[in-house]
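Undergrad: Using the numbering used here, you'd call the opening residue of the sequence shown number 6 and step up by one each time. Glycine is no exception: its CB is placed at the ideal position from the N, C-alpha and C atoms.
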Amino acid sequence: MTRRVMAIAVFLVVVASANDAPADGAIGELFEIDLPRLEGVAEPDSQNQEPEQPQLSGAAIRWDGPELSGSATTEPESLWRTSLGCDAAGLAGAGQRLRRDLVSRFPASSVAPRTWQRLGAGALALARHADAASAFEELARRFPAEDGRSCTPEERVAGSCPLAAEALWNATVLRLALGDRAGALADATLHQKLYARRRPRETSTLLLAVAAEHAWASEPRAAAGILDHLVHAEPDIRIRALVDRAAAREALGERRRALADLGLAEAAWEALGGTAEAVAADAAAEGRFRSAQLLARSFEELELPRFGGPRTAAAIVRWSRVRLAPWIRSALADLRQAEIAFGRVVEVGVPRWTIAALARVGQLRRHLHDLVRQVPRPPMDPQLERIYLELISSWGDTFADLAADAFRACLARAAATREHGHWSATCAAELDSLDPRRSLPELRPEPVASDDAGLAIAPLPLGPEPAPRPGARAVCGIGSRP
């Protein structure tokens, strides 16, 4: 700190502590600031009489600059007012240092809650996010009952009104932004301990966010442990927690337990009876999508039949009847079950999951098309070979047409709802590869200059703005992305 800054800080201490006399004009000019009038200082009786100095209590602030007239106080109220004066003079760093000194020397003073709040707000203004989180955490730990009831409108506007619950929320969000998962979990757990009864939704939202951060960091076991606390929360939060826990358990290889969680989520969704919040609808759609994905993976794991035996017409006919035809019937049955499951995703009516479901249906049909065309061709005479190839080509073209229909429906829904992302781009690329002559040029993916090629989204035509869901209320937008 320069001598000039220290002089201003000490002078503001004197100003904040004194009472009702005009400020010294010379000092005002020296520091180039507008000084408030001092209160309680008697006017001199004559030019030769020295004004009476105000009586100040407490020890003086020590500094290395030139000595100034008057003295400074370290009482909490005076330090608080002085820190605000430093802020008003544009000396934010000096104000923060005074506030830190205040809370360290007077941790239980009446101004300590306001000081912690202001410390957090000031650290945010200075982009010191870790310091801001620490200040907000201290406010919640030391003064958990502060709810702002005693605050004046001016304090609320200035950011000096202590709000312990909101401060702990901010601390948790800051810890998440800083990648401090352990700190965020500690803050969310403290929020649950202090405010779960009065603010259950806020607590649940914080725990969901922390669990999602652990899941994204490839820590599914930790995420599942956090979500265990939410399986008895409000219905929409409960559905979201069950679906996220199913995803974590699936990542751990616990497929049976994941299916059980998805079943509980589906039951909770059905119990809502169509009066769901937006977060519940999104979670229910994702849960159905994950259930359908399990069926889809079973279908994609089917193995092709291979021809074996003598190269005779009878052997070929027998192989087609005994191996190939049953395999195709089984594949079609599995495909049908997966399509029904994805159709239940569409029924929920969440655009992004509807697009994802249609894209997956198209991919499954495309997969069967590719499998049929890749069935190993057994050796045969030219006439039988022609019949065999015509049959395989007919089946393959049928599945290709069905896949193209699903991709077109996917793109139509994306255009109507303006939900463009990974799945809509996938539909555009798949449709163009299946039928480039019939797909529209504007639906074909184009290269987009990007530092991250995985984030590039193909341009798609836009449709009318969709109407908002009646009665929908978003909580946090937390959840997995399709």
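Verify the CB distance criterion: does LEU181 have a CB-CB separation below 8 Å to chain B?
TA: Among the chains in the structure shown there is no chain B, since it carries only a single protein chain.
Undergrad: Evaluate contact between the region 225-236 and the region 270-277, counting only Cβ atoms and requiring at least three cross-stretch pairs below 8 Å.
TA: Not touching, per the Cβ criterion.
Undergrad: Between ALA414, TRP324, SER325, ASP402, which has its C-alpha nearest ARG488's C-alpha?
TA: Residue 488 lies beyond the residue range present for the chain, which begins at 6 and ends at 487; the question has no answer from this structure.
Undergrad: Could you check which residue in ALA417, SER115, SER165 has the C-alpha nearest to that of ALA128?
TA: Residue 128 sits at position 123 when you count from the first residue of the sequence shown. Minimum Cα distance to ALA128 is reached at SER165.
Undergrad: Let me know the secondary structure DSSP gives LEU168 once reduced to three states.
TA: As a position in the sequence shown, residue 168 is number 163, starting the count at 1. Note: LEU168 maps to strand in three-state DSSP.
Undergrad: Name the DSSP beta bridge partners of ASP339, please?
TA: Numbered from its first residue, the sequence shown carries residue 339 at position 334. DSSP lists no partner for ASP339.
Undergrad: Determine the direct distance from the alpha carbon of ARG161 to that of SER114, and round the result to whole angstroms.
TA: Looking up residue 114 in the sequence shown gives position 109. Looking up residue 161 in the sequence shown gives position 156. Approximately 20 Å between the Cα atoms of the pair.
Undergrad: Exposed or buried, which one is GLY184 when buried takes at least 16 other CB atoms within 10 Å?
TA: For the purposes of this step, residue 184 is identified with residue 179 of the sequence shown, where counting begins at 1. GLY184 is exposed by the Cβ-count criterion.
Undergrad: On the DSSP bridge list, what partners appear for ASP152?
TA: The residue labelled residue 152 in the question sits at position 147 within the sequence shown. LEU168.
Undergrad: What span of residues does the alpha helix (DSSP H) with SER88 cover, start to end?
TA: By one-based count along the sequence shown, residue 88 stands at place 83. From DSSP, the alpha helix (DSSP H) with SER88 extends over 81-93.
Undergrad: Could you check where the alpha helix (DSSP H) with ARG311 kicks off and where it finishes?
TA: Position 306 of the sequence shown, counted from the first residue, corresponds to residue 311. Unbroken run through ARG311: none, as it is neither H nor E.
Undergrad: Are the CB atoms of ALA138 and LEU179 nearer to each other than 8 Å?
TA: Against the sequence shown, residue 138 aligns to sequence position 133. Against the sequence shown, residue 179 aligns to sequence position 174. Cβ atoms of ALA138 and LEU179: closer than 8 Å.
Undergrad: Could you check whether GLU142 and ALA117 sit closer than 8 Å to each other, using their CB atoms as the reference points?
TA: Working through the sequence shown from its first residue, we reach residue 117 at position 112. Working through the sequence shown from its first residue, we reach residue 142 at position 137. No, the pair does not count as a contact, with Cβ atoms beyond the cut-off.
Undergrad: Using alpha carbons as the reference points, say which of ALA130, ALA251, LEU277 lies closest to ALA3.
TA: Residue 3 lies beyond the range of the chain shown here (6 to 487); nothing can be said about it.
Undergrad: Report the three-state DSSP secondary structure of GLU160 (helix, strand or coil).
TA: Reading the sequence shown from its first residue, position 155 is the one you call residue 160. Helix at GLU160.
Undergrad: Is the beta carbon of GLY201 sitting closer than 8 Å to the one on THR194?
TA: By one-based count along the sequence shown, residue 201 stands at place 196. By one-based count along the sequence shown, residue 194 stands at place 189. For clarity, residue 201 is Ala in the given sequence; the question names Gly instead. Cβ distance not < 8 Å, so ALA201 and THR194 don't count as in contact.
Undergrad: GLY100 by DSSP, collapsed to three states: which one?
TA: Working through the sequence shown from its first residue, we reach residue 100 at position 95. It is helical.
Undergrad: Tell me the rounded alpha-carbon separation between ARG105 and LEU131.
TA: Walking along the sequence shown from the start, residue 105 turns up at place 100. Walking along the sequence shown from the start, residue 131 turns up at place 126. Spanning the two alpha carbons is a distance of roughly 15 Å.
Undergrad: Between the beta-carbon of ALA169 and the beta-carbon of ALA140, is there less than 8 Å?
TA: Stepping through the sequence shown from its first residue, residue 169 is reached at position 164. Stepping through the sequence shown from its first residue, residue 140 is reached at position 135. Contact: no.
Undergrad: Provide the residue span of the alpha helix (DSSP H) that contains VAL284, from first to last.
TA: Position 279 of the sequence shown, counting from 1, holds the residue named residue 284. Run containing VAL284: 283-305, per the alpha helix (DSSP H) assignment.
Undergrad: Could you tell me the alpha carbon to alpha carbon distance between GLY100 and ASP92, rounded to whole angstroms?
TA: For the purposes of this step, residue 100 is taken as residue 95 along the sequence shown, with counting starting at 1. For the purposes of this step, residue 92 is taken as residue 87 along the sequence shown, with counting starting at 1. About 6 Å.
Undergrad: What residues in its chain sit with their C-beta under 8 Å from that of LEU107, if we drop five residues either side in the sequence?
TA: In the sequence shown, residue 107 corresponds to position 102, counting from 1. Excluding positions up to five away in sequence, the list reads PRO81, LEU84, TRP85, SER88, SER114, VAL116, ALA117, THR120.
Undergrad: On the three-pair Cβ rule with 8 Å, is the region 342-349 touching the region 291-308?
TA: As far as the Cβ criterion goes, the region 342-349 touches the region 291-308, which means the pair count is three or higher.
Undergrad: Pick from SER303, VAL355, ALA362, GLY268: whose alpha carbon is nearest that of LEU282?
TA: The residue given as residue 282 occupies position 277 in the sequence shown. As written in the sequence, residue 282 is Glu, which differs from the Leu given in the question. Nearest option by C-alpha distance: VAL355.
Undergrad: Within its chain, find whatever has a CB closer than 8 Å to the CB of GLY292; leave out the 5 residues flanking it on each side and keep chain order.
TA: Position 287 of the sequence shown, counted from the start, is the residue given in the question as residue 292. If we look at GLY292 and ignore the five residues flanking it on each side, its Cβ neighbours are ILE244, LEU247, VAL248, ALA251, LEU267, ALA270, GLU271, TRP274.
Undergrad: Have a look at ALA145 and PRO167 and give me their C-alpha separation to the nearest angstrom.
TA: For the purposes of this step, residue 145 is taken as residue 140 along the sequence shown, with counting starting at 1. For the purposes of this step, residue 167 is taken as residue 162 along the sequence shown, with counting starting at 1. Their Cα atoms are separated by approximately 9 Å.
Undergrad: With H, G and I counted as helix, E and B as strand and the rest as coil, what does DSSP make of GLN379?
TA: Reading the sequence shown from its first residue, position 374 is the one you call residue 379. It is coil, neither helix nor strand.
Undergrad: Within 10 angstroms of its Cβ, does ARG302 collect 16 or more other Cβ (buried), or is it exposed?
TA: Here residue 302 refers to the residue found at position 297 of the sequence shown. Counting Cβ neighbours within 10 Å, ARG302 comes out exposed, since fewer than 16 surround it.
Undergrad: Quick check on ASP437: does DSSP put it in helix, strand or coil?
TA: The residue labelled residue 437 in the question sits at position 432 within the sequence shown. DSSP places ASP437 in helix when its eight states are reduced to three.
Undergrad: Quick one: what does DSSP say SER115 is sitting in, helix, strand or coil?
TA: Counting from 1 along the sequence shown, the entry for residue 115 is found at position 110. Coil, per DSSP.
Undergrad: Around the Cβ of HIS374, are there at least 16 other Cβ atoms within 10 angstroms (buried) or fewer (exposed)?
TA: In the sequence shown, residue 374 corresponds to position 369, counting from 1. With 16 or more Cβ atoms within 10 Å of its Cβ, HIS374 is classed as buried.
Undergrad: Can you look up LEU183 in the DSSP assignment and give me helix, strand or coil?
TA: As a working mapping, residue 183 is identified with position 178 in the sequence shown. Three-state DSSP puts LEU183 in coil, outside helix and strand.
Undergrad: If you draw a straight line from the C-alpha of ARG260 to the C-alpha of GLU306, how long is it?
TA: Working through the sequence shown from its first residue, we reach residue 260 at position 255. Working through the sequence shown from its first residue, we reach residue 306 at position 301. Each residue's alpha carbon lies about 16 Å from the other.
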